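Asker: The structure is given below, and queries will be raised subsequently.
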Amino acid sequence: MTRKTFDAAAIAAHEAGLSAALDAGRRVLAGGGTALDAVTAAVCALEDDPHFNAGRGAVFTYHGTNELDAAIMAGDTRAAGAVAGVMHTRNPVKLARTVMEAGPHVFLSGAGAEEFARDHGVEHVDPDWFATPERWRQLEELKSRKLGWFDSGMKYGTVGAVARDAAGHVAAATSTGGLTGKRWGRIGDSPLIGAGTYADDRAGAVSCTGSGEQFIRAGAAHEICARMRLTGESADQAAAAVLAEIGAIGGVGGVIVVTPAGETALAFTTPGMFRARADSTGLEEVAIFA
Ligand code: ASP
45 MTRKTFDAAA
55 IAAHEAGLSA
65 ALDAGRRVLA
75 GGGTALDAVT
85 AAVCALEDDP
95 HFNAGRGAVF
105 TYHGTNELDA
115 AIMAGDTRAA
125 GAVAGVMHTR
135 NPVKLARTVM
145 EAGPHVFLSG
155 AGAEEFARDH
165 GVEHVDPDWF
175 ATPERWRQLE
185 ELKSRKLGWF
195 DSGMKYGTVG
205 AVARDAAGHV
215 AAATSTGGLT
225 GKRWGRIGDS
235 PLIGAGTYAD
245 DRAGAVSCTG
255 SGEQFIRAGA
265 AHEICARMRL
275 TGESADQAAA
285 AVLAEIGAIG
295 GVGGVIVVTP
305 AGETALAFTT
315 PGMFRARADS
325 TGLEEVAIFA
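Below you can see the structure in the form of structure tokens.
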């Protein structure tokens, strides 16, 4: 993502989407709600916004399907839920949360996850709900350039949120369509607890975006939390160190971090990252490029 690939209308649309998600999360926290509810609300807003690669507006697999991955984690209990490869759930983050709260498992995939969604009344939609002409155009462009299975160089748009509530608890959630042109059945870092998503009140909450394969290999989100917990590094230091490790194995991307003390980091090694943050002192920031 560079200034050249984004015109003024696209910038305005993405900034509006970020502000709406920030508001959704902030409303929950201002009303005394939990970090878990705040990240759920923020990620749902982004899943419903076709400009972001999650829920409606998710990227296509090479075969032309939308296969969605999501995860959520609570820092106080380290309870977690995740789903991969769902094709009919309107808000995969809600399904991840239902997995976390309504059964003994952490991670469900494919048809089993869809059945769990139906059994628990999580909103089901026709796959057409997710498809947008712009994502189809991106798939066609990838195929015409013969870039192979992956668009790891073109753009990421995974959505994520981290929050810290009035009680000092943190939570993280991540949702994605993955990478344009991914092989069907491929699962990225986003729904993997410890790779793309992690939360631990002893350290912080982390959500990642970027080249998922390298984030998985680095155990990125957990590694950031472990560094903060065991070495005393700040959120910025731990995020930079782990992004450097990911760079060393050929990956790029970004992370958002919040700690129980309210320290935040928005770090990335790409030319930009859709991002926004707010706190109770009135700080409000929405940005795209470096
Ligand atoms: N990390 C995601 C994945 O590999 C892609 C992204 O962040 O856009 O599935």
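The sequence shown begins at 45 in our numbering and counts up one residue at a time.
All C-beta atoms in this analysis are idealised placements derived from N, C-alpha and C, irrespective of residue type, glycine included.
All values derive from a computational prediction rather than experimental measurement.
(1) Terminal residues of the continuous beta strand (DSSP E) containing PHE50?
(2) Note down, one range per segment and in chain order, each alpha helix (DSSP H) of at least 4 residues found wholly within the region 273-334.
(3) With DSSP collapsed to three states, give me the class of LEU223.
(4) Starting from LEU152, follow the beta strand (DSSP E) in both directions and report where the run begins and ends.
(5) On the three-state DSSP scale, how would you describe ILE116?
(6) Specify, as a first and last residue, the run of the alpha helix (DSSP H) that GLY254 falls within.
(7) Does the Cβ of ASP24 have 16 or more other Cβ atoms within 10 Å, making it buried, or fewer, making it exposed?
(8) Below 8 Å, how does it come out for the region 60-70 and the region 82-95: are there three or more Cβ pairs, yes or no?
(9) Taking 6 Å as the limit between beta carbons, can you name the residues of its chain near ALA320, skipping five residues before and five after?
(10) Span of the alpha helix (DSSP H) holding VAL143?
(11) Per DSSP, THR133 is paired with what?
(12) Which partner residues does ASP244 have in the DSSP bridge list?
(13) Which residues does DSSP list as the beta-bridge partners of ILE237?
(14) Using beta-carbon positions only, say whether TRP228 and THR314 come within less than 8 Å of one another.
(15) Across the region 247-262 and the region 198-218, are there enough close Cβ pairs to call them in contact, namely three or more that are closer than 8 Å?
(16) Quick one: residues in its chain with C-beta nearer than 7 Å to the C-beta of CYS269, no 5 flanking neighbours on either side, listed in chain order?
(17) Candidates MET117, ALA155, GLY129: which alpha carbon is nearest THR142's?
(18) Does the beta-carbon of SER188, which I'm using as the reference point, lie nearer than 7 Å to any heavy atom of the ligand ASP?
(19) Where does GLY125 sit, in a helix, a strand or coil, going by DSSP?
(20) With burial defined as no fewer than 16 other Cβ atoms inside 10 Å of the residue's Cβ, what is the status of ARG308: buried or exposed?
(21) Looking only at its own chain, which residues have a Cβ that is under 6 Å from the Cβ of LYS226, when we skip the five neighbours before and after it?
(22) Look at ILE231 and ALA128 and say whether their C-beta atoms are less than 8 Å apart.
(23) Between LEU62 and the ligand ASP, is the CB less than 7 Å from at least one heavy atom?
(24) Give me the Cβ distance between THR303 and ALA279, rounded to the nearest whole Å; I'm assuming they're in contact under 8 Å.
(25) How big is the Cα-Cα spacing for PHE96 and PRO148?
(26) Identify the continuous alpha helix (DSSP H) that holds VAL203 and give its terminal residues.
(27) Based on the DSSP secondary-structure assignment, which residues constitute the bridge partners of ALA216?
(28) Considering Cα atoms alone, identify which of MET272, ALA239, GLU267, ARG273 is closest to GLU257.
(29) Could you check the C-alpha separation between ALA282 and ARG271 for me, to the nearest Å?
(30) If you measure between the beta carbons of PRO235 and PHE318, is that distance less than 8 Å?
(31) For VAL83, report the span of its alpha helix (DSSP H) as first-last.
Answerer: To lay it out plainly:
(1) According to the DSSP assignment, PHE50 belongs to no beta strand (DSSP E), since it is labelled neither H nor E.
(2) Complete alpha helix (DSSP H) runs here, min 4: 279-292.
(3) Three-state result, LEU223: coil.
(4) Note, LEU152: beta strand (DSSP E), 151-153.
(5) ILE116 falls in the strand class under three-state DSSP.
(6) Careful: GLY254 lies outside any alpha helix (DSSP H), inside the beta strand (DSSP E) at 248-254.
(7) Outside the modelled stretch of the chain, which goes from 45 to 334, sits residue 24, for which no answer is possible.
(8) With the cut-off at 8 Å, the region 60-70 and the region 82-95 touch.
(9) Same-chain partners within the cutoff: LEU62, LEU66, VAL330.
(10) Here the alpha helix (DSSP H) through VAL143 covers 136-146.
(11) Its beta-bridge partners are HIS168.
(12) Looking at the DSSP output, ASP244 sits in a beta bridge with GLY248.
(13) Under DSSP, ILE237 shares a beta bridge with THR241.
(14) Against a cut-off of 8 Å, the Cβ pair of THR314 and TRP228 comes out as no contact.
(15) The region 247-262 is in contact with the region 198-218.
(16) The answer, listed in chain order, is TYR242, ASP244, ALA247, GLY248, VAL250.
(17) For the options MET117, ALA155, GLY129, the alpha carbon positioned closest to that of THR142 is the one of MET117.
(18) SER188: no, Cβ never under 7 Å from the ligand ASP.
(19) The answer is strand: DSSP assigns GLY125 an E or B state.
(20) Note on residue identity: the sequence assigns Thr, not Arg, to residue 308. Under a 10 Å Cβ-count criterion, THR308 is classified as buried, with 16 or more other Cβ atoms of the shown protein chains found around its own Cβ.
(21) The residues are THR105.
(22) With contacts defined as CB atoms closer than 8 Å, ILE231 and ALA128 qualify as a contacting pair.
(23) No - the ligand ASP has no heavy atom lying nearer than 7 Å to the Cβ of LEU62.
(24) Sure, about 6 Å apart at Cβ, within 8 Å.
(25) Spanning the alpha carbons of PHE96 and PRO148 requires a straight line of approximately 31 Å.
(26) For VAL203, no alpha helix (DSSP H) run applies; the uninterrupted beta strand (DSSP E) run containing it begins and ends at 203-208, by DSSP.
(27) Looking at the DSSP assignment, ALA216 forms a beta bridge with MET117, VAL206.
(28) Of MET272, ALA239, GLU267, ARG273, the residue nearest in Cα terms is ALA239.
(29) The alpha-carbon atoms of ALA282 and ARG271 are separated by roughly 6 Å.
(30) No, the pair does not count as a contact, with Cβ atoms beyond the cut-off.
(31) Taken as a continuous stretch (DSSP letters only), the alpha helix (DSSP H) holding VAL83 covers 79-92.
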